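Residue numbers (the numbering used here): 5 to 436. Quick notes on the structure that follows.
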Amino acid sequence: MNVCVIGTGYVGLVTGVVFADLGNEVICVDNDEKKIETLKNGIPTIYEPGLEEMMHRNMQDARLFFSTNIGEAVRKSEAIFIAVGTPPKDNGETDLSYVENVAREIALNIDRYKIIVNKSTVPIGTGDIVREIIEKNKKGNVDFDVVSNPEFLKEGTAINDTLYPERIVIGAPNKHVAMKLLELYAPLERLMLITDVASAEMIKYASNAFLATKISFINVIANICEKAGADISLVVKGMGYDSRIGASFLQAGLGFGGSCFPKDAQSLVHTAQKFGENFNILEEVIKENDKRVNRFVERIAEKYDTLEGKTFGVLGLAFKPNTDDLREAKSIKVINSLLEKKAKIKAYDPVAMENAKKIIPNITYCKNAYEAAEKADGLIIITEWNEFKFLNLDKVKKLMKNPIIFDGRNIYDPNKLKRLGFRYISIGRKEV
Ligand code: UGA
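The structure is reproduced here in structure tokens:
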């Protein structure tokens, strides 16, 4: 099938590259000329394991193209995927202006039947908005359908998630267009669910909000564990054996960040209000999440007479491992809070430092974790990169001025750290 994907962010780029890998001819479109130039040179604009190799393969086989020309891409394609950003407004509502602009561009260039697919995370009713914009602005009597096909990929495992999704949701207005999209996804041989458009839009928000709820829920349980002398890792193990609960997304820590959960949870609260319903549970989930960093920094602060002049090694800046994305990353809040208290920061992240330098310029960036630990008054783990799990902790201890580790992601065994002579403060477990 001839496909174009408008927007080359995480979702758009990965979707386009994977569609090409399935044998389709794909044009990825963006209005950012610099981005498109970089992509044309075979350089991915995001860090995502496996992406570069797949991009090269499909560019060489002439199935994958990059362009700033949205009109031409629309005219050449049978299916047009909208994957542009949907940032939050100040009141939490989703800003649909990018989606609406793209819909207008599509309308101006639609010359025969097209399938327009909303891949961006958009509130219920957006399918109707896109349809109305195209209807109003199209020239001539051309037919089209608007489908909702939400994306469930996670950053860091995006290629794998797109190749092996647990489900593919197709919210279609009629059988004909549903079958067309089924055909596109058929080579993946995964479970597909066909729904109406509004239900597909809701599935996406309800899924993200539910996962965010699991995280805030377990974080509050971790708070109680800290006071009650229980161990959150054992509690989660015991809960997870119950197949109705499951162990995933119950990792207590600094809370959820990234470009999706915080904004999608806010947006769903807003949608509920719009329909005259309240969503107090979700509002509390957001509030709990917002408290995580302060609580953590307070626990750090209480271990010193003052933070002024103290040096902290910070391991991990990305909002989670295997990505260079810093959107809503807890590192920014923790570091800024420590800087306000006049502490000094030496940070290291395997891939996110270039991005971090633009947001937090006034700290020292280190070549590796050991350099960050050198002469530090404390070491802080923010992102659970695998390489931090396998550090030579004897070496770390010798390098540090004061061997105390604050672990926001519970990557070490407290007993081991105690044996090695560290003070170790983690989440939802006894301090040792
Ligand atoms: C999330 C969803 O997992 C994807 O299914 C969805 O497609 C995507 O949002 C989206 O809407 O585009 P992502 O934001 O890439 O994916 O990252 P996650 O792995 O879900 O992590 C989100 C945040 O929750 C991270 O800050 C992570 O550290 C935190 N988290 C996750 C926890 O604190 N505990 C956990 O147990 C799991």
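Don't be surprised by glycine CBs; every beta carbon is placed ideally from N, CA and C. Since the model is a prediction, treat every value here as computed from it, not as a measurement.
Check: Leaving out the 5 sequence neighbours to the left and right, which residues in its chain are closer than 6 Å to His60 when beta-carbon positions are compared?; Outcome: Gly46
Check: Beta carbon of Asp268: closer than 7 Å to some heavy atom of the ligand UGA?; Outcome: yes
Check: Is the beta carbon of Asn153 closer than 8 Å to that of Lys80?; Outcome: no
Check: How long is the line joining the alpha carbons of Asp132 and Val150, rounded to whole angstroms?; Outcome: 8 Å
Check: With which residues is Thr199 paired in a DSSP beta bridge?; Outcome: Gly175
Check: Among Tyr374, Leu112, Glu391, Trp389, which one has its Cα closest to the Cα of Leu383?; Outcome: Tyr374
Check: Considering only residues of the segment 205-264, which uninterrupted alpha helix (DSSP H) runs meet the minimum length of 4 residues and lie entirely inside it, listed in chain order?; Outcome: 236-244
Check: I'd like to know whether the C-beta atoms of Phe226 and Gly432 end up nearer to each other than 8 Å.; Outcome: Before going further, note that residue 226 is Ala rather than Phe in the sequence given. Taking 8 Å as the Cβ cut-off, Ala226 and Gly432 qualify as a contacting pair.
Check: I'd like the span of the beta strand (DSSP E) that includes Lys307, first residue to last.; Outcome: Taken as a continuous stretch (DSSP letters only), Lys307 belongs to no beta strand (DSSP E), as it is neither H nor E.
Check: Are at least three pairs of beta-carbons, each pair with one atom in the segment 309-326 and one in the segment 384-400, less than 8 Å apart?; Outcome: yes
Check: Can you list, in chain order, the residues of its chain with a C-beta nearer than 7 Å to that of Val297? Leave out the 5 residues immediately preceding and following it.; Outcome: Leu258, Lys334, Lys337, Val338, Ser341
Check: Could you check whether Thr166 and Phe85 sit closer than 8 Å to each other, using their CB atoms as the reference points?; Outcome: no
Check: In three-state DSSP terms, what is Thr368?; Outcome: strand
Check: Could you tell me the distance, in whole angstroms, from the CA atom of Val224 to the CA atom of Thr217?; Outcome: 11 Å
Check: Quick one: is Ala1 buried, meaning 16 or more other Cβ sit within 10 Å of its Cβ, or exposed?; Outcome: In this structure the chain extends from 5 to 436, so residue 1 is not present and cannot be described.
Check: When the Cα atoms are used, what is the spatial distance from Lys307 to Met404?; Outcome: 16 Å
Check: Out of Ala269, Phe148, Val22, Ser71, point me to the one whose CA is closest to Ile40's CA.; Outcome: Ser71
Check: Select from Thr310, Pro418, Ser271, Ile409 the residue whose C-alpha is nearest the C-alpha of Leu100.; Outcome: Ser271
Check: Compare the Cα-Cα distances from Glu312 to each of Ile10, Phe300, Lys346 and report the closest residue.; Outcome: Lys346
Check: Apart from the five residues on each side of it in sequence, which residues of its chain come closer than 7 Å, Cβ to Cβ, to Arg135?; Outcome: Val150
Check: By Cβ distance, which residues of its chain are closer than 7 Å to Val181, with the 5 residues on each side in sequence left out?; Outcome: Ile119, Asp149, Val151
Check: Is Glu155 near the ligand UGA, judged by its Cβ being under 7 Å from some heavy atom?; Outcome: yes
Check: Going along the chain, which residues of its own chain have a beta-carbon closer than 7 Å to the beta-carbon of Phe260, five neighbours each way excluded?; Outcome: Ala216, Ile219, Pro266, Asn293
Check: Kindly provide the ranges of any beta strand (DSSP E) runs that are 3 or more residues long and lie completely inside the segment 29-75, ordered along the chain.; Outcome: 29-33, 68-71
Check: First and last residue of the beta strand (DSSP E) that includes Leu319?; Outcome: 315-319
Check: Excluding five sequence neighbours on each side, which residues of the same chain lie with their C-beta closer than 8 Å to the C-beta of Gly54?; Outcome: Ile163, Asn164
Check: What whole-angstrom Cβ distance do Val21 and Asn62 have, given they're in contact under 8 Å?; Outcome: 6 Å
Check: Assign Leu421 to one of three DSSP states: helix, strand, or coil.; Outcome: helix
Check: With C-beta atoms as the reference, is Ala77 less than 8 Å away from Ile138?; Outcome: no
Check: Report the CB separation of Thr90 from Val121 in whole angstroms; it is logged as a contact under 8 Å.; Outcome: About 15 Å; that fails the 8 Å criterion.
Check: Is Glu52 a contact residue of the ligand UGA, with contact defined as CB to any heavy atom under 7 Å?; Outcome: no
Check: Report the CB separation of Arg248 from Phe410 in whole angstroms; it is logged as a contact under 8 Å.; Outcome: About 34 Å separates the two Cβ atoms, so there is no contact after all.
Check: Out of Asp353, Leu286, Glu104, which one is the CA nearest neighbour of Val318?; Outcome: Asp353
Check: How big is the Cα-Cα spacing for Leu43 and Cys229?; Outcome: 48 Å
Check: Have a look at the DSSP bridge pairing and note the partners of Arg427.; Outcome: Ile408
Check: Can you tell me where the alpha helix (DSSP H) with Gly20 in it begins and where it stops?; Outcome: 14-25
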